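*Asks:* These protein sequence lines are chains A and B, in that order.
Be aware that the first sequence starts at 0, since it is given in numbering that gives the first Met the number 0, and climbs by one per residue.
Be aware that the second sequence starts at 0, since it is given in numbering that gives the first Met the number 0, and climbs by one per residue.
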Amino acid sequence: MHFEELFEPIEVISHFKNGNPVPLRFKWNQRTYSIKKINGKWHEYQGAAKQYHFSVNCDSSDCFELLFDTHNLTWQLLRVCLEG
Amino acid sequence: MPKLVLHIDGDAFLPSIEQAFNPLLQNKPVIVGGTENQRGVIHSAGYEARRLGVKSGMSLYEASRICPDAVFLKGNYRHYKAVTASMQAIYYQYTPEVKITSPDDAYLILRNISITEAREIAETIQKRIRKELGITVSIGISGKKFISKIASEMHKPNGITVIDAEEEEKFPLSLPVGRLPGIGVKTEETLHELSVFTVKELREIPSAVLEKLFGLNGRKFYLYARGREKATTPNHTLPSSVSRETTFARDINDRETILSVLHYLTQRAGSYLLRHKLEGKQIKIKIRYADFSEDALTCSLTAPLSSPADIFSVVQKLYDNAAVRRTNVRLAGVQISRLRRKQPYLLMDNRERQSEKLNTAVSAIRERFGFSAILPAQNLLLKKQYGIDKNGFILHSPAMTR
């Protein structure tokens with residue numbers, strides 16, 4: 000198993016449900032990843048800004064951690080966990 | 000109907016949170032506390048790692064030797080804190096009387112309720128935590144806090160153990176003394192030297208002897224052995240102490256750096272006190288040396304403190320008293336205990352009033368922009384040694400202790 004810390008800004012297509020963001024697809028390294036499953040989510044406050052963390056799976060078993068920052072309405076790919 | 004106490008205890012809490020968040024970690028031995036090539040000790044090991052002999056408190060090096068295939072994680076303590084908050088929000092939906100004793104365990108007091116209803120509530124809480132947070136908890140139910148605590152450990156993971164009122168007196172008798180809350184390794188050794196191995200044997204010892212040996216705790220053990228405990232008034236979420244400590248990336252002996260780290264740890268602990276409107280009457284510092292010997296110096300105060308600057312002046316004096324050895328330092332920590340709700344002081348001098356205003360302003364800035372938005376000059380030295388984000392310095396091994 001291999002972890003990579005990325006903290007890279009990414010483009011995400013998402014929708015909002017009950018006041019919470021739900022990521023659907025994201026673009027990273029010129030490739031579009033469709034989110035198949037949200038494994039878990041949590042949020043925290045950085046000062047007054049709320050940050051949402053998501054653990055998601057796409058086509059492979061690789062696990063991606065995404066972050067949505069309400070302070071500047073940006074998404075980041077925080078880390079990726081690769082199998083093998 | 001008398002009250003019932005639910006003791007809820009997270010099962011391998013930190014590794015379970017990691018496994019719930021990352022499916023690739025499921026069914027793998029997970030160790031939280033640091034990477035395998037890092038110094039420091041394990042904060043928590045998952046059940047898969049425990050089965051191979053890994054225990055909390057073991058050095059990371061030792062764990063990597065025993066379990067080379069384990070996944071070592073530094074841990075994300077902000078994530079764990081968020082999960083703890085979600086668990087607490089669930090508890091408060093069933094009773095206002097919740098006492099949080101650590102991030103993963105809590106006592107819930109239920110009044111005017113039958114044991115069957117209490118069990119149903121326990122099952123609902125267990126199911127909700129599993130569904131909403133993906134982790135499991137074990138629950139003990141009885142009329143006494145200490146019996147519920149022992150019971151919660153009996154059927155782990157994901158177990159519920161109920162001890163009826165009639166069984167409460169007999170229940171602890173067959174247990175080893177070490178299972179009683181408050182009896183740690185040293186107390187257990189002392190009792191073993193007296194040929195006291197079970198709670199039944201502990202029951203034979205008079206209260207006066209136990210008090211002579213263990214002070215106030217002696218009286219507590221005397222009552223526990225009889226299935227009784229001292230009645231306590233619920234104080235909701237008031238913790239008994241707040242502590243922050245860290246292991247250095249390498250052993251150091253530079254007074255300025257050690258004091259700077261102690262200052263930062265005091266700021267973190269002090270800001271917790273300010274945020275929760277608490278003050279403490281006892282301050283302790285812990286210094287662990289490269290040879291694993293430890294100095295722990297305590298100062299009891301006549302007047303309680305909450306301001307980080309005032310607390311640090313005591314910490315600095317304690318450190319100066321401790322810093323007589325030339326051995327390098329491995330770990331430093333600060334603890335503030337004997338906590339109580341902050342009392343309003345009508346008679347404050349100018350300095351105290353200014354300090355209060357400053358603390359309120361600093362807290363407001365940090366509340367809005369994050370902890371690192373405003374840092375005291377004493378911490379500038381740490382900027383060269385640690386990474387920093389909005390939440391503060393990224394320490395080598397942060398602790399989530401309260």
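Backbone N, C-alpha and C define an ideal beta-carbon position, used for all residues, glycine too.
Please read these numbers as outputs of a predicted model, since none were measured by experiment.
What is the rounded straight-line gap between the Cα of Met-399 of chain B and the Cα of Gly-32 of chain B?
*Replies:* Note that Met-399 of chain B has pLDDT 45, beneath the 50 cutoff, so the model's placement of it is unreliable and no number is given.
*Asks:* Let me know the secondary structure DSSP gives Thr-123 of chain B once reduced to three states.
*Replies:* helix
*Asks:* Comparing the C-beta of His-275 of chain B with each C-beta of chain A, is any distance below 9 angstroms?
*Replies:* Closer than 9 angstroms to the CB of His-275 of chain B there is not a single CB belonging to chain A.
*Asks:* For my contact list, Arg-340 of chain B and Lys-280 of chain B are in at a C-beta cut-off of 8 angstroms; report their separation, rounded to the angstrom.
*Replies:* Actually they are not in contact, since the Cβ atoms of Arg-340 of chain B and Lys-280 of chain B sit about 12 angstroms apart, beyond 8 angstroms.
*Asks:* Between Arg-78 of chain A and the rest of its own chain, which residues show a CB-CB distance below 7 angstroms, the 5 nearest in sequence each way excluded?
*Replies:* Around Arg-78 of chain A: Phe-2, Glu-3, Glu-4, Leu-5 and Glu-64.
*Asks:* Nearest-angstrom Cα distance between Pro-1 of chain B and Asp-103 of chain B?
*Replies:* 26 angstroms
*Asks:* Taking Cβ positions, are His-262 of chain B and Val-314 of chain B nearer each other than 9 angstroms?
*Replies:* yes
*Asks:* With Phe-145 of chain B and Glu-228 of chain B assumed to form a contact (beta carbons below 8 angstroms), what rounded beta-carbon distance in angstroms separates them?
*Replies:* 5 angstroms
*Asks:* When Cβ atoms are compared, which residues of the stretch 13-43 of chain A fall closer than 7 angstroms to chain B?
*Replies:* Within the stretch 13-43 of chain A, the qualifying residues are Asn-38, Gly-39, Trp-41, His-42 and Glu-43.
*Asks:* Can the beta-carbon of Ala-308 of chain B be found closer than 9 angstroms to that of Ser-362 of chain B?
*Replies:* Not in contact: Ala-308 of chain B and Ser-362 of chain B (Cβ atoms no closer than 9 angstroms).
*Asks:* Taking only runs of the alpha helix (DSSP H) that begin and end inside the stretch 278-326 of chain B, which ones reach a length of at least 4 residues, in chain order?
*Replies:* 307-321
*Asks:* Applying the 10 Å Cβ sphere with the 16-neighbour rule, what's the burial state of Arg-24 of chain A?
*Replies:* exposed
*Asks:* For Arg-401 of chain B, I'd like the list of residues in its chain whose CB is within less than 6 angstroms of its CB, leaving aside the five on either flank, ordered along the chain.
*Replies:* Only weak support is given to the placement of Arg-401 of chain B: the predicted model assigns it a pLDDT of 38, under 50, and the question is left unresolved by the model.
*Asks:* Go ahead and label Asp-8 of chain B buried or exposed: buried means 16 or more other beta carbons lie within 10 angstroms of its beta carbon, across all protein chains shown.
*Replies:* buried
*Asks:* Out of B:Lys-283, B:Ser-306 and B:Ser-305, which has the shortest C-alpha to C-alpha gap to Leu-296 of chain B?
*Replies:* When B:Lys-283, B:Ser-306 and B:Ser-305 are compared, the shortest CA-CA separation from Leu-296 of chain B is found for B:Lys-283.
*Asks:* Return the residues of the stretch 378-392 of chain B that lie within a Cβ-Cβ distance of less than 8 angstroms from chain E, sorted by chain order.
*Replies:* Of the protein chains in the structure, A and B, none is chain E.
*Asks:* Ignore the nearest five residues each way along the sequence and tell me which others in Gln-384 of chain B's own chain have a CB closer than 6 angstroms to its CB.
*Replies:* none
*Asks:* When you compare the CB of Asp-61 of chain A with every CB in chain B, is at least one pair closer than 9 angstroms?
*Replies:* yes
*Asks:* Can you grab the Cα-Cα spacing for the pair Glu-17 of chain B / Leu-24 of chain B, in whole Å?
*Replies:* 7 angstroms
*Asks:* By Cβ distance, which residues of its chain are closer than 7 angstroms to His-14 of chain A, with the 5 residues on each side in sequence left out?
*Replies:* Take His-14 of chain A, set aside five residues on each side of it, and the residues of its chain with a beta-carbon closer than 7 angstroms to its own are Val-21 and Leu-23, in chain order.
*Asks:* Helix, strand or coil, according to DSSP, for Gly-142 of chain B in the structure here?
*Replies:* Coil, per DSSP.
*Asks:* Just verifying my parser: in three-state terms, what is the DSSP assignment at Arg-401 of chain B?
*Replies:* At Arg-401 of chain B the pLDDT is 38, less than 50, meaning the model places this residue with poor confidence; the figure from the coordinates comes in the next sentence. Coil at Arg-401 of chain B, not helix or strand.
*Asks:* DSSP state of Ile-257 of chain B, grouped into three classes?
*Replies:* Three-state result, Ile-257 of chain B: helix.
*Asks:* Pick out the complete beta strand (DSSP E) segments inside the stretch 60-130 of chain B, 3 residues or longer, and give them in chain order.
*Replies:* 70-72, 97-101 and 104-109
*Asks:* In chain B, which residues lie less than 9 angstroms from Glu-82 of chain A when you measure between Cβ atoms?
*Replies:* What Glu-82 of chain A touches in chain B: Leu-23.
*Asks:* Against Glu-35 of chain B, what residues of chain A qualify as contacts under a CB-to-CB distance less than 9 angstroms, listed in chain order?
*Replies:* Correct list: empty, because the minimum Cβ distance to chain A is about 13 angstroms.
*Asks:* With burial defined as no fewer than 16 other Cβ atoms inside 10 Å of the residue's Cβ, what is the status of Asn-349 of chain B: buried or exposed?
*Replies:* exposed
*Asks:* Quick one: list the residues of chain A neighbouring Gly-133 of chain B, beta-carbon separation under 7 angstroms, in chain order.
*Replies:* Gly-39
*Asks:* Would Gly-56 of chain B pass as an interface residue toward chain A - the criterion being a Cβ-Cβ separation below 9 angstroms?
*Replies:* no
*Asks:* Where Gln-92 of chain B and Ser-137 of chain B are concerned, what is the direct C-alpha to C-alpha distance, given to the nearest angstrom?
*Replies:* 18 angstroms
*Asks:* Who are the neighbours of Ala-88 of chain B on chain A, taking C-beta pairs under 8 angstroms?
*Replies:* Correct list: empty, because the minimum Cβ distance to chain A is about 12 angstroms.
*Asks:* Excluding the 5 residues flanking Thr-197 of chain B on each side, which residues of the same chain have their C-beta closer than 8 angstroms to its C-beta?
*Replies:* Leu-172, Ser-173, Leu-174, Pro-175 and Val-176
*Asks:* With H, G and I counted as helix, E and B as strand and the rest as coil, what does DSSP make of Ile-373 of chain B?
*Replies:* Ile-373 of chain B sits in coil when the DSSP states are folded into three classes, being neither helix nor strand.
*Asks:* May I ask you to report which of helix, strand or coil DSSP gives Lys-26 of chain A?
*Replies:* strand
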